Amino acid sequence: MPKSSRSSSRSARPGQNIRNLALQRRLRAIQCFIAAATVVASPPLLLKALAEVINQPVQVPASLTLSLVVIALGLVAGGVYQWKRANHADQGAQGEEKVASELSCLQDSGWTIEHGIKVPRWGDVDHVCRSPQGRIYAIDTKSHKGIVFRNPNGTLERKIGGKIMAFEKDFLTAVKGQATQIKQQKRVTFVTPILVFSEAKVNVGSDPRVQGVYVVERAELVRWLQKLG
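For my numbering, add 200 to where a residue sits in the sequence shown, where the first one is 1.
In structure tokens, the structure reads:
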């Protein structure tokens, strides 16, 4: 049996779940744009039809015109927001696909790789790896850019062009939660959480563990997995 067929039936294609999310967001954006066009176009057409019926011109109240413009602009803004979120989701999917490509080489040495495993509360785990020794790793992929480092408080920040930026979420807590859920699903005693950055450089010192989570860049992921065994 080919090694690639060992994965659980729950496993998705790399990046598939977040690609689906991106599609949903684009559809919502399109709905917003269509609604905005409808808000702008429909009233004038209705008033024109009414004028033909009563055979006299019908003036559009200025207050109505202003209200329709405000509503349309709000819908357009909502559509743009959803479109940007879709772009971010596609970027995340690309990161997952790149990491999956790195992980694929492990299958030739007896590793089992699963992708997109859904878990309660934490959404889905991007990659779950089982080594030939039976150790299991829950891997969360992030596509942020810059240089990721550990601050004095023991949390993660990143530096881009000389500017230090905090992350929008607590990724360390999230991947530890994912590892706990995988431990329960697999009925094992421990699952190692790993946070991998597909685009950023990681500089957290010689020991990559931060709050019990291995934090590595994509180029170093396979080496660390092989070292941990």
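Just so it is clear, CB atoms sit at the ideal spot from N, CA and C, and this is done for glycine as well. Note that the structure is a prediction, hence the values are computed from the model and not measured.
Span separating the alpha-carbon of residue i from that of residue j
{"i": "Ala-237", "j": "Leu-221", "result": "25 Å"}
{"i": "Pro-398", "j": "Gln-294", "result": "Position check: residue 398 holds Ser in this sequence, whereas Pro was assumed. Taking the straight line from one Cα to the other gives about 9 Å."}
{"i": "Thr-389", "j": "Arg-335", "result": "10 Å"}
{"i": "Val-410", "j": "Val-402", "result": "12 Å"}
{"i": "Tyr-337", "j": "Thr-312", "result": "10 Å"}
{"i": "Glu-296", "j": "Pro-214", "result": "6 Å"}
{"i": "Lys-427", "j": "Glu-302", "result": "15 Å"}
{"i": "Gly-292", "j": "Arg-226", "result": "15 Å"}
{"i": "Ala-488", "j": "Ser-263", "result": "In this structure the chain extends from 201 to 429, so residue 488 is not present and cannot be described."}
{"i": "Gln-333", "j": "Leu-275", "result": "54 Å"}
{"i": "Ile-271", "j": "Glu-368", "result": "30 Å"}
{"i": "Gly-354", "j": "Arg-418", "result": "21 Å"}
Beta carbon of residue i nearer than 8 Å to that of residue j
{"i": "Ala-229", "j": "Gln-282", "result": "yes"}
{"i": "Val-375", "j": "Asp-324", "result": "no"}
{"i": "Gly-316", "j": "Ala-212", "result": "yes"}
{"i": "Tyr-414", "j": "Ile-382", "result": "no"}
{"i": "Val-416", "j": "Pro-408", "result": "yes"}
{"i": "Gln-385", "j": "Val-319", "result": "yes"}
{"i": "Gly-429", "j": "Ser-331", "result": "yes"}
CB-CB length for residue i against residue j, believed under 8 Å
{"i": "Phe-371", "j": "Lys-359", "result": "The pair is not a contact, with the Cβ atoms about 16 Å apart (cut-off 8 Å)."}
{"i": "Val-422", "j": "Leu-306", "result": "6 Å"}
{"i": "Gly-346", "j": "Ala-400", "result": "5 Å"}
{"i": "Ala-277", "j": "Ile-218", "result": "About 24 Å; that fails the 8 Å criterion."}
{"i": "Glu-314", "j": "Val-328", "result": "4 Å"}
Nearest candidate by alpha-carbon position, reference residue i, set the options
{"i": "Pro-240", "options": "Gln-231, Ser-267, Arg-225", "result": "It should be pointed out that residue 240 corresponds to Val in this sequence rather than to Pro. Of the listed residues, the one whose Cα sits closest to Val-240 is Ser-267."}
{"i": "Ser-343", "options": "Asp-326, Pro-352, Arg-330", "result": "Asp-326"}
{"i": "Cys-232", "options": "Ser-242, Leu-273, Leu-223", "result": "Leu-273"}
Complete beta strand (DSSP E) runs within the segment 303–358 (minimum length 3 residues, chain order): Runs found: 312–319, 323–330, 336–342, 347–350.
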